[in-house]
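To start, the structure under review is shown below, and the notes come after it.
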Amino acid sequence: YKDIYKYFGLESTNIKNITKKLLSNTFAGQLAGTSIGTPPIMGVNPALAVGGALLASGAGKKVIKGMYNDYKMKTVTLTERKTCPKDCVHWEDCYGNNMPFAHRIDHKDQNLLQKRIYDELLNSTNQLLLIRLHVLGDFFNVKYVKFWSIMLNTFKNIAIYGYTANNINSKIELSRDIAKEIIKLNYSKHSHIRFSNDLNNPFSANSYDIVKPIKGKSILCPVQENKTANCGTCGLCWNQKTQSIIFKTH
17 YKDIYKYFGL
27 ESTNIKNITK
37 KLLSNTFAGQ
47 LAGTSIGTPP
57 IMGVNPALAV
67 GGALLASGAG
77 KKVIKGMYND
87 YKMKTVTLTE
97 RKTCPKDCVH
107 WEDCYGNNMP
117 FAHRIDHKDQ
127 NLLQKRIYDE
137 LLNSTNQLLL
147 IRLHVLGDFF
157 NVKYVKFWSI
167 MLNTFKNIAI
177 YGYTANNINS
187 KIELSRDIAK
197 EIIKLNYSKH
207 SHIRFSNDLN
217 NPFSANSYDI
227 VKPIKGKSIL
237 CPVQENKTAN
247 CGTCGLCWNQ
257 KTQSIIFKTH
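Be aware that the sequence shown starts at 17, since it is given in my numbering, and climbs by one per residue.
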């Protein structure tokens, strides 16, 4: 805890004041009653990232069923909003608001970010890896999507899954371009990137606030329903191709 306080520059020994200052710094404006709390914790430079750009997943450290049985689960976490399309449905209530200590990786030096990921994959060729893109953040340009296509073609021991707020019907040109490239990325049998709140797309991940599950067309996340322990024991997001997954806002 002392290290955490030192990191945030908190000198007071009064726990109440420390906690209040920590929260106000972390959720900018949130204590004042605003809905947006953008964490001031900036993405870590990839060259300085402790533990690397790929981290062990908190969603189950290993897959135990389905097509990626026995794969280790890894994640990449970028900086929310800074990498996301501004028309994301959850721009204001992003669950990153509640993750002040998430290990965000800075994307500004894209070549450095990609080199760090490549180097880690190069050192992991003896492992089967299922990588979530992304815990926070999103695909931020077409080049980055193409990078992951190259990684899938280069490393036959990896697969990717995740979610994107980019959409081919967006009013934002960059979002449309990224979405088109993700569709191409998903041509790979080892790429499973669902489109968030794309209600006409069966391979989507949609908010319970917007649409409710329909038998045969969509499934409420079993983990959120306490029907299974974690993503590794579920696997629907990458195994189920014909139905959308519904998530409660979290």
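For each residue, glycine too, the CB sits at the ideal point set by N, CA and C.
With the rule of 3 Cβ pairs closer than 8 Å, the region 83–98 counts as touching the region 116–124. Nearest neighbour of Y203 by Cα position, chosen from Y177, S212 and L190, turns out to be Y177. Straight-line measurement puts the Cα of Y87 at about 6 Å from the Cα of K78.
Straight-line spacing of the CA atoms in D225 and A175 works out to 30 Å. In the DSSP annotation of this structure, F211 is not part of any alpha helix (DSSP H); the continuous beta strand (DSSP E) holding it starts and ends at S207 to S212. Beyond the five residues adjoining it in sequence on each side, T244 comes within less than 7 Å, by CB distance, of P238 and C250 in the same chain, given in chain order.
Counted as a single uninterrupted DSSP element, the beta strand (DSSP E) harbouring A175 occupies residues I174 to T180.
Sorting N216, V158, S223 and T91 by C-alpha distance to the C-alpha of K196 places V158 at the top. Within the same chain, Cβ atoms closer than 8 Å to the Cβ of K131 are found at P62, the five residues on either side in sequence being excluded.
According to the DSSP secondary-structure assignment, V92 is paired through a beta bridge with L149.
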